[in-house]
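For reference, the structure is listed below as structure tokens.
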Amino acid sequence: MGIAIESIGLFANSDNSVKTSLELCKRAGEPCIAQSGYKKEDIGLVVAVSVYRDSYFCEPAFSSFVQNELKINHDKKDSSDPKTLSFDVLNGSMGFLNACQLSAAMIIAGKTKASLVISSDLVDDNVSEKGDPPGFLHTGAAMLLADRKNGGCEFTSFSFRTFAELQDACEAYMYNDEDRGMTLRFRRDPGLMEVYLKALSQGVCGFLEKEKAGLDDFDMIIPSQISSEFITKAADALGVKREKMIDVTRKEGDLFNASLPVAMDHILKHNLARSGQRALIAQVTSGIQVGCAVYQF
Amino acid sequence: MRLNTVIESLGVYTPEGRLTTKELIDGCCVKPAIDLEDLTGITTRPEVGENEYAIDLAREAVSRCLAISRHNPEDIDLVICTNISRYNGPKFKASFEPSTAALLARDFDFSNAILFDEPNACAGMFTALHVVDAYLKAGFIKRGMVVSGEALTCLARNAQKEMKAPFDPQLACLTVGDAGVAFILEQTDQPGVGFHEMDLFTVAEHCDLCIGTYSREKHGGFVMYTDSIKIHSIAIGLTAEHVGKTVKGTPWENSTNHHYIMHQTGTRAIKTTRKMINDWVGKEVCSKENSIVNVVERGNGASTAHFVALWDKIRDRTIQSRQNILFAVQSSGINLGVALYTLDDLPERVMNWSRAQEHEEIKEAV
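As given, the protein sequences belong to chains A and B, one line each in that order. Under the numbering used here, the letters of the first sequence match residues 68 to 364, in that order. Under the numbering used here, the letters of the second sequence match residues 9 to 374, in that order.
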């Protein structure tokens, strides 16, 4: 495939001082670009994957605000190059992985040199319904994807599967509450974790069959960073040792769309992967959808 | 050989309800200072029924698209939904999760497809087309479907209640119309057919000129605030240069076998864009005769606009097989785009389906 993670930028927002998703994107995006070998002019694609963003904008794409904030070819006066296309990819917490594959397609097809994928899911407590907090960690995460360098790391495959029959297990929507006005509601079955585990197990099995591989062929597994408990149960469901699972969960909440970049950053910063080793990315989200991908170091 | 991407099938669904501009204006608490019908040319637009939502429009469009297609749902490798509106239930229920694409997997067997939503304002369907083209060229998929169900007239209904001034930022909400569109893309080895060129980009410094968000009023729903004069002025100027540069000095400059389909915001905006394109090129390439206008009875269908126009003009035989189309894309963001396309026999297949539908309806009536 030949598409690699060029750089990662994170903003943990540990003290919760940043209150807007746009600022989270800026704080993650700027170091991500600065650490890369690419100039802003080279970034032909900006993809924002935050489902929950400032004022729950539905128009324009949130990514256009991000592109403007990061000043990436944002002030064009005509259609000459270099230029950038911005749009959102929304798919629960699967958006980041979807956007990685999409970036790979756009780079291979010659539509851009580099792509910035960015997330900053942030739930406004003043708008969301009390009683069932979503528990997302308000984190900024950015990843720049570009052509693989000679002999370097790369994504080698992606696969997605949907279990529509399990769809009722969770949903999130806005509706008009007579007393509160427009209100964000998260509805989750008490057995959602079991539903996720069942789908994950089936999704991963199907992927391995397609790839003609077994779990032993992978040196580590990167699951959705929902909670440490979820990762322990996911290891049991997949039948692998807990140590094989990358766990960068925070006790404060679900990393949601930031799961993949935070886990990858941890692996790279702590030199947990040697050249030639392979990570199986196995994520689950509403829908119910399972996404698998392989990253070779 | 590099293969072109072709529209294998197209399905459009417009709800039966109609909402006239006069009725809309009459219902406004504060009347606009301008004659909206005169400015935009829009006399009426389709409006969803009481229990009809964005997901229903999308579902109907997918059904029609599959009825015209050679393929089954399980043959589709990628489904991208681009609707701005996600009104999927009473009390202005707007879905955030699951994605619209995942919701459609309940009704169609898309279980092994890649599914996600990719809203990008009125440029959504074209952006998805650009993305599917990349997946096809990268060899990731064999075919992809792009879907949009735009239930937008609730913006107009909210504007009736919320507009406070004769030149109110919610004025543009009175131009929208409802529709569902789905199309399938795949590669073709037929020479000279399909998308020859497509180019899209975002001038993000103007991202705040049109904003859609939720209403803070007690009645709820969603609202859109637009600086119509500024966004039109910038978008039309950039479109003239982009289209002009694309056609000048190419065979498209002198072609007599082509149509221009621009974003359908209003008749006067289309006329101004036409003039500015011609001024840029230095000759009349975009005429009244070759410019497609369907906004009069459809309103601004946001992301569905270009494809509802294509569908309407195939069905009234203005657009026929083997003809060329230049699509000009404009949206908030600001997104701009141009795509050059040569039709295969899609118009004939759409007409065959239409005739079969009419036949069925007559049989049912008898």
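All residues carry an ideal CB built from backbone N, CA and C; glycine is no exception. No experiment lies behind these values; they were computed from the predicted model shown.
Coil, strand or helix - residue i by DSSP
i                   : result
glutamine 195/B     : strand
leucine 365/A       : Outside the modelled stretch of chain A, which goes from 68 to 364, sits residue 365/A, for which no answer is possible.
phenylalanine 100/B : coil
alanine 113/B       : coil
phenylalanine 285/A : coil
arginine 72/B       : helix
alanine 280/A       : coil
methionine 161/A    : coil
isoleucine 110/A    : strand
proline 290/A       : strand
glutamate 158/B     : strand
asparagine 80/B     : coil
aspartate 353/B     : coil
alanine 146/B       : helix
leucine 18/B        : strand
valine 316/B        : helix
valine 358/B        : helix
aspartate 148/A     : coil
phenylalanine 274/A : helix
threonine 210/B     : strand
CB contact below 9 Å: residue i versus chain B
i                : result
serine 130/A     : yes
cysteine 272/A   : no
glutamine 168/A  : yes
histidine 141/A  : yes
tyrosine 263/A   : no
valine 184/A     : no
lysine 318/A     : no
threonine 87/A   : no
lysine 180/A     : no
serine 153/A     : yes
glycine 258/A    : no
aspartate 145/A  : yes
methionine 249/A : yes
isoleucine 175/A : yes
proline 127/A    : yes
lysine 311/A     : no
tyrosine 123/A   : yes
tyrosine 119/A   : yes
leucine 157/A    : yes
lysine 216/A     : no
Cβ of residue i within 9 Å of any chain A Cβ
i                : result
proline 355/B    : no
histidine 138/B  : yes
arginine 67/B    : no
tyrosine 61/B    : no
histidine 240/B  : no
tyrosine 224/B   : Reading the sequence as shown, one finds arginine at residue 224/B and not tyrosine. Closer than 9 Å to some Cβ of chain A, the Cβ of arginine 224/B qualifies, so yes.
tyrosine 349/B   : no
methionine 312/B : At residue 312/B the sequence reads threonine, which differs from the methionine that was named. No, because no Cβ of chain A sits closer than 9 Å to the Cβ of threonine 312/B.
leucine 246/B    : yes
glutamate 305/B  : no
leucine 74/B     : no
tyrosine 268/B   : no
alanine 190/B    : no
histidine 250/B  : yes
DSSP bridge partner residues for residue i (one or two, in chain order)
i                : result
proline 257/A    : None, per the DSSP bridge assignment.
valine 184/B     : Asn308/B
arginine 53/B    : Leu27/B
asparagine 332/B : His266/B and Thr350/B
alanine 32/A     : With chain A represented from 68 up to 364, any question about residue 32/A goes unanswered, as that position is not in the structure.
isoleucine 88/B  : Phe124/B and Val154/B
Handout entry: Touching by the beta-carbon criterion (3+ pairs, under 8 Å), the region 241-251 of chain A and the region 97-117 of chain B
Key = yes
Practice task
Below 9 Å between beta carbons is the criterion; list the residues of the region 227-241 of chain A that meet it against any residue of chain B, in chain order.
Solution key: Phe227, Arg228, Thr229, Phe230, Ala231, Glu232, Gln234, Cys237, Glu238, Ala239, Tyr240 and Met241
Exercise for the section: Take every Cβ of the region 167-186 of chain B, pair it with every Cβ of the region 27-43 of chain B, and state whether three or more of those distances are shorter than 8 Å. Expected result: yes
Practice task
Take every Cβ of the region 327-335 of chain B, pair it with every Cβ of the region 176-183 of chain B, and state whether three or more of those distances are shorter than 8 Å.
Solution key: no
Handout entry: Interfacial residues, the region 96-107 of chain B to chain A, with Cβ spacing under 7 Å
Key = Lys99, Phe100, Lys101, Ala102, Ser103, Phe104, Glu105, Pro106 and Ser107
Handout entry: Sufficient close CB pairs (3 or more, under 8 Å) joining the region 208-223 of chain B to the region 122-132 of chain A
Key = yes
Practice task
Closer than 8 Å, Cβ to Cβ, to anything on chain A: give me those residues from the region 151-183 of chain B, in chain order.
Solution key: none
Handout entry: Inter-stretch contact (C-beta, 8 Å, three-pair minimum) for the region 241-255 of chain B and the region 274-283 of chain B
Key = yes
Practice task
Report yes or no: do three or more beta-carbon pairs, one from the region 342-359 of chain A and one from the region 86-99 of chain A, lie closer than 8 Å?
Solution key: no
Problem - Stretch pair the region 322-336 of chain A + the region 160-171 of chain A: three plus CB contacts closer than 8 Å - result: yes
Handout entry: Residues of the region 326-358 of chain A whose Cβ lies closer than 7 Å to any Cβ of chain B, in chain order
Key = Ser353, Gly354 and Gln356
Handout entry: Interface positions of the region 75-109 of chain A facing chain B (Cβ-Cβ less than 8 Å), listed along the chain
Key = none
Handout entry: Given 8 Å, three or more beta-carbon pairs between the region 332-344 of chain B and the region 358-371 of chain B
Key = no
Problem - Inter-stretch contact at 8 Å, needing at least 3 Cβ pairs: the region 72-86 of chain A / the region 201-209 of chain A - result: yes
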